[in-house]
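Asks:
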Amino acid sequence: ANQIDGFYWDFGNGYVPFFAVIGAYNILMYGDNGYQQAVDTVPNAIDSFNYMGVTNPIPDQILYFGDQVDINISNLFGSPNPGPIIVTISANTNPEIVTATLEDSILTLIANEVAGISNIALTGNDGVMDCVYQFDVHVVDPTARYVLILDLDTTPTGETLRNSIANFYTSGDVIVTNDLTSYPLSNADAVFVLLGIYSNNHILSEAEAAPIVEYLNNGGKVYMEGGDTWYYDTQTSLQPMFHLNAISDGSGDLSGVVGHDFLEGMSWSYSGENSWIDHLAPADGAVAIFSHSAGSYDCGIAYDSGNYKTIGCSFEITGLGGANSLDDAVEGIIDFFGIAGPQLAVPQNFAVTELGVASWEAPDSETLIGFNVYLDNNLVAQLGLETDYTFSGLSHGHTYVAGVTALYIEGESEEVQYTFTYSGTEADDNEFQLQTKLLNNKPNPFYLQTTISYQLSSKNEKAQISIYNVKGEKVKTFSELVADKGLGYLVWNGKDEAGKEVSSGIYFYRLETEERTFTKKMILMKK
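With this note's numbering applied, the sequence shown has no gaps in its numbers, which climb one by one up to 1248 at the end.
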């Protein structure tokens, strides 16, 4: 069905294959203009009727904690043989996420209170041969919030955008996907749709647009970029909601971009893909936020309906750089959408004695990983979770401004300052010495990625962190750890040395130095 749908959209853009060969179970086996290729495919199409196949596929499921769904699978498989087809559950990759049972042709799925994805495999046997069908079950925490990046660009840029958004969005995860049905839009604080630039662009279909339209009508926020989606491509019900006018198909002349409205005063060079960049202009109620640096046309329009908010662009935002950065543009968009989340809590009761001994209280947060200490606006130490520090190299009678910030997985808090006059008789040149230790990973359990924090007694200490499964097999090693003046941290994305996703379960992470070894446990809940 997906292949047929793909050819359907090719038809709509002027490409019509002359020959189509369809085999058993409506599987498109060939569609193009080569006569001989079509003829050669026919025997395979005929032969396909001699095998089992899937007649009524089960779509991927999205369930919230505690949800139950019953699916009739009596017509899931088809067979050329007359005997009954016996269906069994042959795999459930993460039974802690979803419970799957099969009785009297009814497949029952129950979502447990563990977020993640489990792959369900059903095997049909007609007494002669087997056929296997697989689908995913996504279990979602009903309280979870996130930003979704729907990356449909054939030269994807979603990961680069994700990293930038994560610097400013602190209310949940930033998730990159190419399947909008994998995550409930009702839990999304914003959706970013990346369609690409010709000839690596994706043409938005009405089926893809419809759930985004519904999301906007329910008060959503959507950013969408594409070089052809505004002027050249067939329009869906989504594009008009952006309140922009597509003036022309454009060309490949976008060398620089300037900002307007909430991006006023900013300018960027542009290094993204650059062909047929649609020329845009704001319609009633909308404003231009990006335009060609030569002032010849707009290429980014923002609109606030009072119910929903949109930003439509005709270039790749990840191509911005130069005088201002990608982060500058993304921060403005996050602020416009109003989804930055709560301010990161600062350290409390910060004070410094006349002898240069600083102390404070840590904020109550599960994502706190350490502190930065400043003296006269200069960073002097990066600490772990200890809440004191002794300044060194101070001069008697001199007045200083000390500062401290809290470090979180999400970023750094605002600085808290304290002014003091040093009354010591001589400077203490011995820096506060940290002990080497392995700190807790956060979050734990985790779904997409986790941050492992550690302390090293000196920046020259040789150390590495290795990750092991419950069998004692090493799956990943991080060597040459860096922790200048204290805290260091690394991010593990749940993949092994080969870049392959590991299964969910219990893992151990071990800090090894020349003198000591530290080990802690973490739980991964992702297939």
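Glycine included, C-beta positions come from ideal geometry on N, C-alpha and C. Computed from a prediction, not measured in an experiment: that's the story for all the values here.
What residue does the alpha helix (DSSP H) around Leu-797 start on, and which one ends it?
Replies: Segment: none, Leu-797 is in no alpha helix (DSSP H) and carries neither H nor E.
Asks: For Phe-739, count the other beta carbons within 10 Å of its own beta carbon; 16 or more makes it buried, fewer makes it exposed. Which is it?
Replies: Phe-739 comes out exposed.
Asks: Which word fits Glu-834, buried or exposed, when buried means at least 16 other C-beta atoms lie within 10 angstroms of its C-beta?
Replies: By the 10 Å Cβ count, Glu-834 comes out exposed.
Asks: Please classify Asp-1150 as buried or exposed, where buried requires at least 16 neighbouring CB atoms within 10 angstroms.
Replies: In this prediction, Asp-1150 scores a pLDDT of 42, lower than 50, which makes its location untrustworthy; no coordinate-derived value is stated.
Asks: Among the residues of its own chain, which have a CB less than 8 Å from the CB of Ser-958, if the five just before and after it don't count?
Replies: These residues qualify, in order along the chain: Glu-927, Ala-930, Ala-931, Val-934.
Asks: Report the partner residues of Asn-1093 according to the DSSP bridge assignment.
Replies: Answer by DSSP bridge pairing, in chain order: Gln-1103, Thr-1126.
Asks: Less than 8 Å between the CB atoms is what I'm expecting for Thr-844 and Thr-809, so what's the real figure, rounded?
Replies: Confirmed, Cβ separation roughly 5 Å.
Asks: Within the continuous alpha helix (DSSP H) that includes Asp-1025, where are the two ends?
Replies: Not the alpha helix (DSSP H): Asp-1025 falls in the beta strand (DSSP E), residues 1019 to 1025.
Asks: Would you call Val-742 buried or exposed, if buried means 16 or more other Cβ atoms sit within 10 Å of its Cβ?
Replies: Burial call: buried.
Asks: Check the C-beta distance from Gln-746 over to Gly-799 and give it rounded, since I have them as a contact under 8 Å.
Replies: Checking the sequence shown, residue 746 turns out to be Tyr, not Gln. With a Cβ gap of about 6 Å, Tyr-746 and Gly-799 count as contacting.
Asks: Kindly identify the DSSP beta-bridge partner or partners of Gly-1226.
Replies: For Gly-1226, which the question treats as bridged, DSSP gives the partners Leu-1245.
Asks: In angstroms, rounded to a whole number, what distance separates the CA positions of His-859 and Asp-974?
Replies: In a straight line, the C-alpha of His-859 is about 43 Å away from that of Asp-974.
Asks: Would Gly-1209 and Leu-1245 be called neighbours here (beta carbons separated by less than 7 Å)?
Replies: Contact: no.
Asks: Once the 5 residues before and after Leu-1159 are set aside, which same chain residues still bring their CB inside 7 Å of it?
Replies: Once the five neighbours on either side are set aside, the close Cβ partners of Leu-1159 are Tyr-1175, Leu-1232, Phe-1239, Lys-1241.
Asks: What does DSSP give as the partner residues of Pro-1003 in its beta bridges?
Replies: In DSSP, Pro-1003 forms a bridge with Leu-965.
Asks: To the nearest angstrom, how far is it from the Cα of Leu-1264 to the Cα of Leu-828?
Replies: This structure cannot speak to residue 1264, because the chain is shown only from 722 to 1248.
Asks: Using a threshold of 7 Å, state whether the C-beta atoms of Leu-965 and Leu-906 are closer than that.
Replies: It is not a contact, given that the beta carbons lie outside the stated cut-off.
Asks: State buried or exposed for Phe-1112, treating a residue as buried only when at least 16 other CB atoms are found within 10 Å of its CB.
Replies: Under this definition Phe-1112 is a buried residue.
Asks: DSSP puts Ala-1219 in a beta bridge; with which residues?
Replies: Per DSSP, none; premise fails for Ala-1219.
Asks: Might you give, ordered along the chain, the residues of its own chain that have their beta carbon closer than 6 Å to the beta carbon of Gln-789, omitting 5 neighbours on each side?
Replies: Answer for Gln-789: Ile-831, listed in chain order.
Asks: If you draw a straight line from the C-alpha of Phe-1092 to the C-alpha of Ser-988, how long is it?
Replies: One C-alpha to the other measures close to 33 Å.
Asks: Which partner residues of Val-1137 appear in the DSSP bridge assignment?
Replies: Val-1125, per the DSSP bridge assignment.
Asks: What's the C-alpha gap between Leu-1065 and Val-979?
Replies: Computed Cα separation, rounded: 31 Å.
Asks: Mark Met-962 as exposed unless 16 or more other C-beta atoms lie within 10 angstroms of its C-beta, in which case mark it buried.
Replies: So Met-962 ends up on the buried side.
Asks: Using the rule of at least 16 other Cβ atoms within 10 Å of the residue's Cβ for burial, across every protein chain shown, is Thr-864 buried or exposed?
Replies: Exposed.
Asks: What is the DSSP secondary structure of Phe-739, reduced to helix, strand or coil?
Replies: Looking at Phe-739 - three-state DSSP - the assignment turns out to be coil, as it is neither helix nor strand.
Asks: Kindly give me the distance between the Cβ atoms of Leu-871 and Leu-901, rounded to whole angstroms, as I take these residues to be in contact under 8 Å.
Replies: Leu-871 to Leu-901, Cβ: 5 Å. Contact.
Asks: Opposite Tyr-1110 in the DSSP bridges: which residues?
Replies: Answer is Ala-1079, bridged to Tyr-1110.
Asks: Do you know offhand how far Tyr-1121's Cα is from Ala-1127's?
Replies: Between Tyr-1121 and Ala-1127, the C-alpha separation is close to 20 Å.
Asks: Tell me the rounded alpha-carbon separation between Ser-811 and Ile-841.
Replies: So the alpha carbons of these two residues sit roughly 8 Å apart.
Asks: According to DSSP, what are the bridge partners of Gly-879?
Replies: Looking at the DSSP assignment, Gly-879 forms no beta bridge with any residue, so it has no partner.
Asks: Let me confirm a value: Phe-1153 is counted as buried when at least 16 other C-beta atoms fall within 10 Å, else exposed. Which label applies?
Replies: Per-residue confidence for Phe-1153 stands at a pLDDT of 43, beneath the threshold of 50, marking its modelled position as unreliable; no derived number is given.
Asks: Starting from Asn-846, trace the beta strand (DSSP E) both ways and give me its first and last residue.
Replies: From DSSP, the beta strand (DSSP E) with Asn-846 extends over 837 to 846.
Asks: Count the other CB atoms within 10 Å of the CB of Lys-1183; is the residue buried (16 or more) or exposed (fewer)?
Replies: By the 10 Å Cβ count, Lys-1183 comes out exposed.
Asks: Can you look up Asn-1162 in the DSSP assignment and give me helix, strand or coil?
Replies: Strand at Asn-1162.
Asks: So, for Cys-852: in the same chain, excluding its five sequence neighbours on each side, which residues have a beta-carbon less than 6 Å away from its beta-carbon?
Replies: Correct list, in chain order: Met-773, Phe-798, Gly-845.
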